[in-house]
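To start, the structure itself, in structure tokens.
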């Protein structure tokens, strides 16, 4: 029988609600820069390449922050980690909103906004995994959905604020929102995770073993995350430009992107349900195969209706891939290492998104078509599926020999 306030308890579910709210608020850091790019470019009167550097610094900050904030959460707890992240977001949006130059803006985005936003992704996902056993996959998926939920809620509100009050006032307002909401909410996460008590009594469940060193297994998980997100980035980064090239217009592409994110939320919740029954590696393999199917469909679809359908399918197929890495980490590593190791895995997926988006652009420039870019994504996705299959077979053999 579960203790009140322990694993799988009512407190755990209430805590998950707070975690989802914090993840959604932290999503300001990832989505605001996307909406602000053309407006800030016009204000500073610089090129698109120059202002895009601010997006690059944000992604770099998010990647580095995922590892650093995960390490901090393992040692000091999630509450101070998220509290620091909220303070960094508040300071970052305030500093960027008052930036006198593009360089200042880019540094504020990377060092403060990107780094602070990272505290509300991988560390929160790792923390949520500690409070659930029977429904761990579902809990991780719900927490990870905060990023997609933020992508659905914030962009139109940010655009309205910038159109009505200007980007600087909007940035300053977001900074205040982060300060007055995230820091108080972080205090609700002060209770230490249950695994501390389990380890003290020797009752912590031993992780699975794939017969690899921890470093080799971590590297393999990171490569898998890199590969799947290189593939995932092709439609997410280029669907708007693809629609424009086909003559359907930017607005249609933006609608397809929104459709992907919306169905991605459904996919993440469904994948959590699946992971609770078959485990993280099988969930990863299912998602990887399905994402490959969707990418193949993109190569043979160019009508407006078919692109809407394939975009919905792509969102429905790919949303569960990223959360599955957190489940795999929890299955193969001790719980006390979850923050750092989930942070490394999630950061690898962000690098994959950035690298894949760049690859898609390069291949388009070389060939004048996105077909080769989609084929490139399919190849990387096959590599991801191969890693998942290899892990599954290896684990099965070791279980049979045990």
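In this note's numbering, the protein residues as written are -18 to 383.
Beta carbons: idealized from backbone N, C-alpha and C, even for Gly.
Taking buried to mean at least 16 other C-beta atoms within 10 Å of its own C-beta, is residue i buried or exposed?
i           : result
residue 284 : exposed
residue 365 : buried
residue 112 : buried
residue 150 : exposed
residue 402 : There is no way to answer for residue 402, as the model of the chain reaches only from -18 to 383.
residue 259 : exposed
residue 231 : exposed
residue 257 : buried
If distances are taken between C-alpha atoms only, which option among the options comes closest to residue i?
i           : options               : result
residue 193 : 237, 375, 324 and 136 : 375
residue 247 : 39, 128 and 95        : 128
residue 76  : 239, 61, 62 and 93    : 93
residue 325 : 355, -7, 15 and 49    : 49
residue -12 : 79, 36, 144 and 115   : 115
residue 167 : 238, 78 and 54        : 54
residue 117 : 349, 347 and 306      : 306
residue 286 : 72, 266 and 236       : 236
residue 205 : 251, 268 and 144      : 268
residue 279 : 244, 250 and 224      : 224
residue 159 : 52, 56, 288 and 72    : 72
residue 263 : 373, 241, 4 and 232   : 373
residue 106 : 233, 309, 26 and 265  : 309
residue 47  : 339, 7 and 370        : 7
Put residue i into one of helix, strand or coil per three-state DSSP.
i           : result
residue 57  : helix
residue 227 : coil
residue 158 : helix
residue 302 : helix
residue 271 : helix
residue 193 : coil
residue 47  : helix
residue 388 : Because the chain in this structure spans residues -18 to 383, residue 388 falls outside the shown range and cannot be described.
residue 12  : helix
residue 71  : helix
Beta-carbon within less than 6 Å of residue i's beta-carbon, same chain only, minus the 5 sequence neighbours each way: which residues are those?
i           : result
residue 74  : 152, 155 and 156
residue 276 : 355, 358 and 359
residue 170 : 59 and 60
residue 294 : 275
Please go through the same chain and pick out, in chain order, the residues whose beta-carbon is closer than 7 Å to the beta-carbon of residue i, but skip the five residues on each side of it.
i           : result
residue 109 : -3, 0, 120, 121 and 124
residue 392 : Nothing about residue 392 can be reported from this structure: the residues present for the chain run from -18 to 383 only.
residue 456 : There is no way to answer for residue 456, as the model of the chain reaches only from -18 to 383.
residue 2   : 166
residue 297 : 244, 247 and 248
What is the rounded straight-line gap between the Cα of residue i and the Cα of residue j?
i           : j           : result
residue 173 : residue 161 : 23 Å
residue 327 : residue 304 : 9 Å
residue 141 : residue 9   : 14 Å
residue 32  : residue 273 : 33 Å
residue 348 : residue 143 : 37 Å
residue 102 : residue 89  : 19 Å
residue 255 : residue 84  : 45 Å
residue 65  : residue 138 : 25 Å
Output needed for residue i: all residues of its chain with C-beta closer than 8 Å, excluding positions within five of it in sequence on either side, in chain order.
i           : result
residue 208 : 333, 361, 362, 364, 365 and 368
residue 341 : 214, 215, 218, 219, 351, 354, 357 and 358
residue 148 : 17, 20, 21, 24 and 78
residue 250 : 119, 122, 123 and 126
residue 14  : 35, 36, 39, 90 and 94
residue 12  : 131, 132, 135, 136 and 139
residue 41  : 91 and 95
Quick check on residue i - is its C-beta less than 7 Å from some C-beta in chain D?
i           : result
residue 294 : Absent from the structure: chain D. Only one protein chain is present.
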